[in-house]
Amino acid sequence: MITSVNNRYQGGAGAPGVDSGISDENISAPDTVPPLEKPSLLRLNTWERPLTPSARSVPLLNNSPWVRSLGALDFPIQTQGWRFPLPPDLNIKKPRTTIKDSPAEIPQPAPDEPNIQPTQEMLDFANAAGDNAADNPDLAAPVNLPIGSNNLLSLGAEPQEGVDVGNTVTRLKPPASMSGLKDRLLTLLQPPLEGMLGRGRLNLPFKPYPYQLQGIAFLMPRSAALIADEMGLGKTVQVILSLRLMMSSGLLKRALVVCPKPLVINWTRELRTWAPDLAFEVFSGDTETRTAMWKLSNCPVQVVNYEILTRDHDIILEPDVKFDVVVLDEAQRIKSASSKTAQAAKALKRARSWAMTGTPIENRVEDLTSIFSFVDPKLIPPDTQPRQMSEIVRDHIIRRTKDLVATHMPPRIIRDIHLELLPEQRETYDMAEKDGIVHLNSLGDTITVQHVFQLVMRLKQICNFDTRTGVSAKMEQLTADMEEVTASGHKAILFSQWVEPLQAIAAALAEHNPVQYHGKIPQADRQPILDRFKADPLLKIILMSYGTGSVGLNLQYTNYVFLFDRWWNPAIEDQAINRAHRLGQKSTVFVSRYICVNTIEERIALVLDQKRALFQEIIAQNGPPISMGLTEDDIYGLFDINKPKRAA
Numbered sequence: 006m007i008t009s010v011n012n013r014y015q016g017g018a019g020a021p022g023v024d025s026g027i028s029d030e031n032i033s034a035p036d037t038v039p040p041l042e043k044p045s046l047l048r049l050n051t052w053e054r055p056l057t058p059s060a061r062s063v064p065l066l067n068n069s070p071w072v073r074s075l076g077a078l079d080f081p082i083q084t085q086g087w088r089f090p091l092p093p094d095l096n097i098k099k100p101r102t103t104i105k106d107s108p109a110e111i112p113q114p115a116p117d118e119p120n121i122q123p124t125q126e127m128l129d130f131a132n133a134a135g136d137n138a139a140d141n142p143d144l145a146a147p148v149n150l151p152i153g154s155n156n157l158l159s160l161g162a163e164p165q166e167g168v169d170v171g172n173t174v175t176r177l178k179p180p181a182s183m184s185g186l187k188d189r190l191l192t193l194l195q196p197p198l199e200g201m202l203g204r205g206r207l208n209l210p211f212k213p214y215p216y217q218l219q220g221i222a223f224l225m226p227r228s229a230a231l232i233a234d235e236m237g238l239g240k241t242v243q244v245i246l247s248l249r250l251m252m253s254s255g256l257l258k259r260a261l262v263v264c265p266k267p268l269v270i271n272w273t274r275e276l277r278t279w280a281p282d283l284a285f286e287v288f289s290g291d292t293e294t295r296t297a298m299w300k301l302s303n304c305p306v307q308v309v310n311y312e313i314l315t316r317d318h319d320i321i322l323e324p325d326v327k328f329d330v331v332v333l334d335e336a337q338r339i340k341s342a343s344s345k346t347a348q349a350a351k352a353l354k355r356a357r358s359w360a361m362t363g364t365p366i367e368n369r370v371e372d373l374t375s376i377f378s379f380v381d382p383k384l385i386p387p388d389t390q391p392r393q394m395s396e397i398v399r400d401h402i403i404r405r406t407k408d409l410v411a412t413h414m415p416p417r418i419i420r421d422i423h424l425e426l427l428p429e430q431r432e433t434y435d436m437a438e439k440d441g442i443v444h445l446n447s448l449g450d451t452i453t454v455q456h457v458f459q460l461v462m463r464l465k466q467i468c469n470f471d472t473r474t475g476v477s478a479k480m481e482q483l484t485a486d487m488e489e490v491t492a493s494g495h496k497a498i499l500f501s502q503w504v505e506p507l508q509a510i511a512a513a514l515a516e517h518n519p520v521q522y523h524g525k526i527p528q529a530d531r532q533p534i535l536d537r538f539k540a541d542p543l544l545k546i547i548l549m550s551y552g553t554g555s556v557g558l559n560l561q562y563t564n565y566v567f568l569f570d571r572w573w574n575p576a577i578e579d580q581a582i583n584r585a586h587r588l589g590q591k592s593t594v595f596v597s598r599y600i601c602v603n604t605i606e607e608r609i610a611l612v613l614d615q616k617r618a619l620f621q622e623i624i625a626q627n628g629p630p631i632s633m634g635l636t637e638d639d640i641y642g643l644f645d646i647n648k649p650k651r652a653a
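Under this note's numbering, think of the first position of the sequence shown as 6, with each following residue one higher.
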């Protein structure tokens with residue numbers, strides 16, 4: 006694993022628990038770092054073979070420069086995920102030699118030592134050992150092992166612990182922003198992640214997925230990084246394992262995780278699961294207690310919610326409040342660059358800035374710009390055009406979707422259920438829309454988007470439940486759908502924009518034992534509700550508001566998701582659906598979206614569906630600056646009204 010890249014945060018003489026494989030007496034510090042382009046030449050009498058810097062993949066001691074300590078061929082050699090034992094014809098001991106520069110001259114054997122002539126088997130072995138070196142000049146990962154694996158196995162080579170020879174090995178690659186040669190070498194010389202994470206001492210609950218290893222390899226060398234994987238792909242796990250590896254090497258000493266308040270308990274659980282050896286603490290208590298935590302704590306990982314971070318803005322400005330890395334979870338919380346939350350996050354003193362979000366662009370391209378004002382304030386010039394954004398951030402952002410990497414996951418099937426309003430609803434709806442449009446047109450140029458929005462909200466609520474009679478076409482459909490859920494033996498989640506419909510639904514579905522999870526539920530009661538819903542087979546449906554239940558919850562034991570009404574932004578809807586359709590899900594997830602025809606809901610659905618291409622156009626490619634959610638023009642366009650001149 007990495008030992009030191011940033012001299013400002015050097016560790017002690019050796020990382021605890023790390024077996025370097027190199028004894029202290031064999032370490033010496035060269036004045037210059039050898040170049041990668043000219044491998045040193047190991048000479049053993051008449052037998053010559055190149056020794057590349059990757060030929061021995063062992064962790065370096067903390068703060069040690071690039072040094073190779075060898076005993077002749079120094080078997081066993083570990084390289085590119087393979088462990089080569091001592092060849093049968095090379096069974097004598099050779100004096101150890103430290104290579105300080107490249108090319109290096111290895112002293113010839115003493116006169117009394119035999120002059121070893123290479124046998125064909127020895128030459129084959131040496132050639133095989135070199136076959137797995139990276140082809141590209143900077144030894145970039147990943148290196149594909151299966152090409153020569155049969156030949157290597159026949160020569161007695163064994164895979165390093167944790168490395169599957171049937172898969173691609175994941176190695177760290179220096180980012181383009183890493184200019185120092187020493188830093189690049191230290192990155193390139195690290196063992197494969199499969200080997201580092203495969204060691205028994207890490208005690209992982211289960212093996213990370215290959216794309217998660219690539220995410221770890223992306224994060225570890227970068228001081229500025231945004232991991233934008235789709236919801237449900239395990240961004241938290243990738244960050245925790247990166248922190249764990251870097252802390253065990255001494256590269257990091259103090260990390261701060263900033264997350265929304267509801268996700269604090271999720272972070273504590275994930276830290277206990279994936280990094281049981283890392284001590285952590287959660288910010289709480291009065292101002293005096295929190296001040297001590299900010300300024301005096303030596304706990305390696307601290308977790309704070311955005312509200313406390315904003316409240317403690319003055320404290321974090323103190324010179325002794327600084328971190329080796331700050332991680333922003335749900336980084337879209339700072340999309341408003343002028344907000345107090347964004348200002349507090351950017352005020353944190355840190356050597357590394359990592360951000361996590363499944364929705365880097367919720368509404369407009371400026372959302373991404375604001376996130377990068379934390380990740381790397383100097384990266385995006387003020388006058389950058391949206392079409393230039395993708396190229397500028399390419400080296401600092403990684404995004405994978407379930408469609409691309411989680412092919413083993415069951416599918417999600419989305420069905421739009423188009424419903425006719427019940428007669429009573431239709432009468433109420435038509436009257437409300439007609440009166441509303443008349444009122445809006447009467448406002449003339451004094452009309453604002455807020456006026457239009459009020460009418461939209463009223464009509465959406467009527468689509469849920471008739472405000473005069475309480476009847477609901479959606480409720481009739483949901484009652485029938487819940488019979489299917491109950492018969493299947495599975496569980497369901499239902500999302501709505503408002504709490505009032507959830508309470509009405511709970512009363513109507515009393516026979517299915519619904520539980521509620523929304524903003525009116527006290528914070529202390531929320532986790533017990535989730536635990537009870539998971540454990541009790543008689544509880545079939547949980548009713549959630551988008552604002553409370555769409556982020557950070559792991560509900561992959563449910564198979565049905567109902568969107569009782571549509572949110573204004575498809576990214577938020579995707580987050581809600583991904584509470585169930587995430588890693589660990591073993592069955593197909595069925596998503597039902599209720600849409601009342603010939604209503605405002607149908608018009609909104611059409612607009613939102615046309616905007617789902619934003620991620621592909623901005624995140625994956627260069628594209629125009631379109632909005633993900635409803636813009637002011639979109640809202641005006643929902644009705645046949647006269648727009649004011651200033652809004653035209």
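Just so it is clear, CB atoms sit at the ideal spot from N, CA and C, and this is done for glycine as well.
Check, Outcome
"So Lys545 and Asn574 are in contact, right, with Cβ under 8 Å, and what is the actual spacing, rounded?", "So it is not a contact: roughly 28 Å between Cβ atoms."
"What residue range does the beta strand (DSSP E) around Lys465 cover?", "No beta strand (DSSP E) contains Lys465, which is instead part of the alpha helix (DSSP H) from Val454 to Asn469."
"Phe379: buried (16+ other C-beta within 10 angstroms of its C-beta) or exposed?", "buried"
"Trp572: which of Gln502, Gly589, Glu235 and Gln508 sits nearest, CA to CA?", "Gln502"
"Leaving out the 5 sequence neighbours to the left and right, which residues in its chain are closer than 8 Å to Pro4 when beta-carbon positions are compared?", "Absent from the structure is residue 4, since the part of the chain shown begins at 6 and ends at 653."
"What number of angstroms, rounded off, separates the C-alpha of Leu191 from the C-alpha of Pro197?", "13 Å"
"Identify every residue that forms a DSSP beta bridge with Gln521.", "Leu548"
"Tell me which same chain residues have a C-beta within less than 6 Å of the C-beta of Arg357, skipping the five on either side of it?", "Ser228 and Val330"
"Considering only C-alpha positions, which residue in the set Arg295, Glu235, Arg355 and Leu177 is nearest to Lys258?", "Arg355"
"Identify the continuous alpha helix (DSSP H) that holds Leu424 and give its terminal residues.", "Counting along the chain, Leu424 falls outside any alpha helix (DSSP H), though it belongs to the beta strand (DSSP E) covering Arg417 to Leu424."
"Would DSSP call Ala260 helix, strand or coil?", "strand"
"Within 10 angstroms of the Cβ of Val556, are there 16 or more other Cβ atoms? Answer buried if so, exposed if not.", "buried"
"What separation, rounded to the nearest whole angstrom, lies between the Cα atoms of Asp421 and Leu507?", "20 Å"
"Exposed or buried, Asn559, counting other C-beta atoms within 10 Å across all chains shown (16 or more means buried)?", "buried"
"Return the chain-ordered list of same chain residues with a C-beta closer than 8 Å to the C-beta of Tyr14, the five sequence neighbours on each side being excluded.", "In this prediction, Tyr14 scores a pLDDT of 31, lower than 50, which makes its location untrustworthy; the coordinate-derived value is nonetheless stated afterwards. Correct list, in chain order: Leu256, Leu257, Lys258, Asp329 and Ala356."
"Met252 and Pro305 - do their beta-carbons sit closer together than 8 Å?", "yes"
"In this structure, how does DSSP classify Trp359 when only helix, strand and coil are distinguished?", "strand"
"Measuring CB to CB, does Ile498 end up less than 8 Å from Thr563?", "yes"
"Once you ignore the five residues that flank Ala478 on each side, which residues in its own chain have a CB closer than 6 Å to its CB?", "Leu424, Leu426 and Leu427"
"Would you mind working out which of Glu516, Tyr551 and Ala349 sits nearest Lys2, comparing C-alpha positions?", "No answer is possible for residue 2: the residues shown for the chain start at 6 and end at 653."
"Just grab the DSSP bridge partners of Phe595 for me.", "Ile418 and Tyr565"
"Excluding sequence positions up to five away, which residues of its chain have a Cβ less than 8 Å from the Cβ of Leu322?", "Ala352"
"With burial defined as no fewer than 16 other Cβ atoms inside 10 Å of the residue's Cβ, what is the status of Gly290: buried or exposed?", "exposed"
"Kindly list the residues whose CB is nearer than 6 Å to the CB of Leu261, restricted to its own chain and excluding five residues on each side of it in sequence; keep chain order.", "Gln307, Phe328 and Val331"
"Give every residue of the same chain whose Cβ lies closer than 6 Å to the Cβ of Pro116, excluding the five residues on either side of it in the sequence, and list them in chain order.", "Summary for Pro116: the model assigns pLDDT 42, below 50, so the residue's position carries little reliability; its value from the coordinates is reported in the next sentence. Within the same chain, Pro116 has no close Cβ partners at all."
"Inspect the beta-carbon positions of Ser585 and Gln615 and report whether they are closer than 8 Å.", "According to the sequence provided, residue 585 is Ala. The question's Ser does not apply to it. No. Outside cutoff."
"Going by DSSP, what residues sit across from Phe500 in a beta bridge?", "Met549 and Leu568"
"Per the contact definition of three or more C-beta pairs closer than 8 Å, is the segment 234–249 in contact with the segment 214–221?", "yes"
"Evaluate Lys340 with the Cβ neighbour count: other Cβ atoms within 10 Å of its Cβ, from every protein chain shown; 16 or more gives buried, anything less gives exposed.", "buried"
"Looking only at C-alpha atoms, which of Asn469, Cys468, Glu516 and Ile577 sits nearest to Met487?", "Glu516"
"Considering Lys439, what are the terminal residues of the alpha helix (DSSP H) in which it resides?", "Pro428 to Ser447"
"So Leu231 and Ile376 are in contact, right, with Cβ under 8 Å, and what is the actual spacing, rounded?", "6 Å"
"Excluding the 5 residues preceding and the 5 following Thr406 in the sequence, name in chain order all residues of the same chain whose CB lies nearer than 6 Å to its CB.", "Glu235"
"Closest to Leu373 by CA distance: which of Leu177, Met394, Thr315 and Arg587 is it?", "Met394"
"Have a look at Glu371, Leu384, Leu548 and Ala529 and flag the residue whose alpha-carbon is nearest the alpha-carbon of Ser343.", "Glu371"
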